[in-house]
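Written below as structure tokens is the structure these notes are about.
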Amino acid sequence: MNMRCIVVDDEPLALEMMASYVRKTPYLELSGAFGSSIEALDFLRKNPVELAFLDIQMPDLNGLELADLLSGSRTRLVFVTAYEQYALQGFKAEALDYLLKPVSYNDFLKAADRARRWFEHSDPSENPSMPDEAGTAALLRPAGNLAESFFVRADYRWVKIRMCDILFVESVKDYVKIHLDPEGKSRQETPGANFCVMTLQSMKGLEEYLPKEHFMRVHRSFIINMNQVCSVEKGRVAFANGESVPVSESYKALLEGAVARKSL
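Okay, so the sequence shown: first residue is 298 according to this note's numbering, each after it adds one.
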């Protein structure tokens, strides 16, 4: 897919270099290059843009402040700065990447490729205003067996999730809520972890990450771990902790087939 981009930097040479990187990348389209965050903000409020490369240290309105004003928009951010100490703030601002100056084209291209994968995995129909971070470092891709774990970002930290501990996954607007086995190791290994972990992620993206031999979608808003299911009846799937989720008509046949394959 092609992505519309802007570049924002108050240093003319850095601005032109980043703009030239965008121009020579086939799947990027330069929508504008701005020496002022205020000008960039005005442009973004009137024009659809997928990706913004933002310098952080700028007069009047810095890149982090601009990111805060863009919260909730579809525009994703890559921060560009000469100062490593801003990395944590960039992480909290949900940036797709963080580039240190001087930026090589190779590093720029890695960030652009990450953004392209992010948009390819996002699902606008589930999350039209602000897609999640599927396909980025927010979710580390697991291999196919239940013994493995992965990390998600939640409350500005990484939380380890063992796939075998997942009861079910629930879609909640711009987020997914991962419901965990209260007795599972995921909670024991992450002090302070809750029975549910909320992370900015799409159902479609997470569905692609989880191994299909153990996880299946039973509703637009629910993915279940078949190994944690206790019973299936009257259009609902129940778990040992007493929770249950609905099964929609469009998924009933698939669920019945999965149950039949595990039946004596």
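Backbone N, C-alpha and C fix where the C-beta goes; we use that ideal spot for every residue, glycine too.
Query, Result
"With DSSP as the reference, please indicate the residues paired to valine 529 in a beta bridge.", "Val534"
"Among the residues of its own chain, which have a CB less than 8 Å from the CB of valine 449, if the five just before and after it don't count?", "Ala435, Leu436, Trp455, Val456, Ile458, Ile475, Val494, Thr496, Gln498"
"Considering only residues of the same chain and omitting the five flanking positions on each side of glutamate 313, which have a CB-CB separation below 7 Å?", "none"
"May I have the straight-line CA-CA distance separating aspartate 429 from asparagine 538, to the nearest angstrom?", "Confidence in aspartate 429 is poor, its pLDDT being 37 and thus under 50, which makes the residue's placement too unreliable to answer from."
"Do three or more CB pairs link the stretch 400-407 to the stretch 329-348 at distances below 8 Å?", "no"
"What residue from Asn522, Arg517, Arg558 has the CA that sits closest to tyrosine 548's CA?", "Arg517"
"At which residues does the beta strand (DSSP E) containing asparagine 522 begin and terminate?", "519-522"
"So valine 542 and valine 515 are supposed to be a Cβ contact under 8 Å. How far apart are they, rounded?", "7 Å"
"For alanine 392, would you say it is in contact with chain B, using Cβ-to-Cβ distances shorter than 7 Å as the test?", "No chain B is present in this structure, which holds just one protein chain."
"Measuring only the C-alpha atoms, how far is glutamate 505 from isoleucine 463?", "15 Å"
"Let me know the alpha helix (DSSP H) ranges lying completely inside the stretch 309-363, each 4 residues or longer, listed in chain order.", "309-320, 334-341"
"For arginine 320 and leucine 348, which I take to be in contact (beta-carbon distance under 8 Å), what is that distance rounded to the nearest angstrom?", "Rounded, the Cβ-Cβ distance is 14 Å, inconsistent with contact."
"Name the residue from Ser317, Phe519, Lys407 whose alpha carbon lies nearest to the alpha carbon of lysine 501.", "Phe519"
"Measure the C-alpha to C-alpha separation of alanine 330 and cysteine 302 and round it to an integer number of angstroms.", "9 Å"
"Output the distance between the C-alpha atoms of phenylalanine 447 and glutamate 417, rounded to the nearest integer angstrom.", "21 Å"
"From the DSSP output, read off the bridge partner residues of arginine 301.", "Glu326"
"Please look up how many angstroms separate the CB atoms of leucine 503 and valine 466, rounded, as I've assumed it's under 8 Å.", "6 Å"
"Classify phenylalanine 492 as helix, strand or coil using the three-state DSSP reduction.", "coil"
"Measure the alpha-carbon distance for methionine 300 versus glutamate 362 and round it to whole angstroms.", "23 Å"
"Does the Cβ-Cβ distance between methionine 513 and alanine 555 come in under 7 Å?", "yes"
"Taking 7 Å as the threshold (C-beta atoms), are methionine 298 and phenylalanine 350 in contact?", "no"
"Under 8 Å by Cβ, that's how I've got leucine 396 and phenylalanine 405 pegged, so tell me the actual separation to the nearest angstrom.", "7 Å"
"Work out the CA separation of phenylalanine 536 and lysine 559 for me, nearest whole Å.", "16 Å"
"In this structure, does DSSP put lysine 398 in helix, strand or coil?", "coil"
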